[in-house]
Amino acid sequence: MKEKSAVSIPEPIVQLQQQLDQFRTSQPHRTKIPEVLWHSAVELARQHGLYAVAHPLRLDYVGLKRRLEGVSKFKEKTKVASPGFVELISVQPAAAECVIEFESKSGGKMRIQWKGSGAPDWSSLLRGWREAER
0 MKEKSAVSIP
10 EPIVQLQQQL
20 DQFRTSQPHR
30 TKIPEVLWHS
40 AVELARQHGL
50 YAVAHPLRLD
60 YVGLKRRLEG
70 VSKFKEKTKV
80 ASPGFVELIS
90 VQPAAAECVI
100 EFESKSGGKM
110 RIQWKGSGAP
120 DWSSLLRGWR
130 EAER
């Protein structure tokens, strides 16, 4: 019966394995791995393959794969920078008619139409709409 030959692990993977072992022994259990170490693992996975890196480093294979593909669990929902402030300036007389339409990423739409001088409570309308969209 033949013995299983030990698979040699490339030196850069061994070095990262030592860094991860040092991190894991110095931190409480279930502490998130620093991005610097994840980045190093992704670079090694590009060179040596996912399993060849994930297995000896005891990393989540799917998590490493997502990061390698550029879709980490932190970036699955890409956040679009939303404006911090929107100013609506009326250039028409106060008794004008106004229509404003909003559309969410999921396809939900809201249309606001009013006549007169008093504007609706924008913050309440948008907050209610966003909550209904969830």
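Heads up: the sequence shown at position 17 corresponds to 16 in numbering that gives the first Met the number 0, and the numbers run straight through without jumps.
Quick reminder that beta carbons are idealized off the backbone N, C-alpha and C, glycines included.
The structure presented is a predicted model; accordingly, all values stated were derived computationally and were not measured.
Contact defined as beta carbons within less than 8 Å: I believe Ser63 pairs with Ala51. What is the distance between those atoms, to the nearest angstrom?
If you number the sequence shown from 1, residue 63 lands on position 64. If you number the sequence shown from 1, residue 51 lands on position 52. Ser is not the amino acid found at residue 63; the sequence shown has Leu there. Their Cβ separation, rounded to whole angstroms, is 11 Å, which puts Leu63 and Ala51 out of contact at 8 Å.
Three-state secondary structure (DSSP) at Lys104?
What you label residue 104 is simply residue 105 of the sequence shown in a count that begins at 1. The answer is coil: DSSP assigns Lys104 none of H, G, I, E or B.
Would Val35 be called buried (16 or more neighbouring beta carbons within 10 Å of its own) or exposed?
Position 36 of the sequence shown, counted from the first residue, corresponds to residue 35. Exposed, because fewer than 16 other Cβ atoms sit within 10 Å of the Cβ of Val35.
So Lys114 packs on Glu96, CB below 8 Å; how close in whole Å?
Indexing the sequence shown from 1 puts residue 114 at position 115. Indexing the sequence shown from 1 puts residue 96 at position 97. That belief holds up - the Cβ atoms of Lys114 and Glu96 are roughly 5 Å apart, short of 8 Å.
Within 10 angstroms of the Cβ of Ser39, are there 16 or more other Cβ atoms? Answer buried if so, exposed if not.
The residue labelled residue 39 in the question sits at position 40 within the sequence shown. It is buried - the Cβ of Ser39 has at least 16 other Cβ atoms within 10 Å.
Using the C-alpha atoms, what's the distance from Gly127 back to Ile32?
One-based indexing of the sequence shown puts residue 32 at position 33. One-based indexing of the sequence shown puts residue 127 at position 128. Near 37 Å, if we compare the C-alpha coordinates of Gly127 and Ile32.
Can you tell me the Cα-Cα spacing of Leu15 and Leu67, whole angstroms?
As a first step, residue 15 must be located in the sequence shown, where it is residue number 16. As a first step, residue 67 must be located in the sequence shown, where it is residue number 68. Computed Cα separation, rounded: 16 Å.
DSSP state of Glu75, grouped into three classes?
Here residue 75 corresponds to residue number 76 of the sequence shown, with the count starting at 1. Confidence at Glu75 is low in this model, with a pLDDT of 49, below 50, so the placement of that residue should be treated as unreliable; the coordinate-derived value is given next. Three-state DSSP puts Glu75 in coil, outside helix and strand.
Which of helix, strand or coil does DSSP assign to Ile111?
Locating residue 111 in the sequence shown gives position 112, counting from the first residue. Ile111: strand per DSSP, three-state reduction.
For the alpha helix (DSSP H) that Arg45 lies in, which residues bound it at each end?
Here residue 45 is taken as the residue at index 46 of the sequence shown, counted from 1. Note, Arg45: alpha helix (DSSP H), 34 to 47.
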